[in-house]
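Residue numbers for the sequence shown follow this note's numbering, so the first one is 9 and each next one is one higher.
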Amino acid sequence: MKIKKYALGILCALGIVCLCACTSKTSKYDEYHKEVNKLYEQIVTTGAIIDTIDTENEDYKQELYDSLDDLKQAFDDFSKIEPPKEFKDCKMLSEKASTYISNSSKCFHLAFDEDYNEEMYNTGKSNYNEAIKCINYMGEVLQNK
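Listed below in structure tokens is the structure:
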């Protein structure tokens, strides 16, 4: 009888530990997934601005630069978040994306600060597209886990 109570106690304790571990893992995954979605929304917003640049608007340069700065900050913040171990590739991808956004921003400045430079604009857009690829890969990693 004493052994049955002891075994039942251990079984209950293990059940609680497993439940807590699963809840913690799910919670950490859900939290990380929310951060990825938040970052993706920032990318979509910035992409819309880049794709619809109206050079007739006097403030188009500042709007573009501010958007890129916000996106760079979002990537920098995201890259500091420690992902669940099954998503360790996401950390590397977010760091790469942050670098691409920095390069993109520099190129857009070179494209618009003086006379328009189409080559720098295209290079900026290309770097931006590489950042999008990184976030898409991150999404694939999250969906496969």
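Glycine included, C-beta positions come from ideal geometry on N, C-alpha and C.
For I58, the secondary structure class from DSSP, reduced to helix, strand or coil, is helix. Taking C-beta atoms as the reference points, M146 and L76 fail to come closer than 9 Å. Comparing alpha-carbon positions, the option among F120, E66 and S112 lying closest to S134 turns out to be S112. For I143, the enclosing alpha helix (DSSP H) starts and ends at E126 to N152. In this structure, DSSP gives I51 a helical state, which the three-state scheme calls helix. At a Cβ-Cβ threshold of 9 Å, Y108 and Y73 do not count as neighbours.
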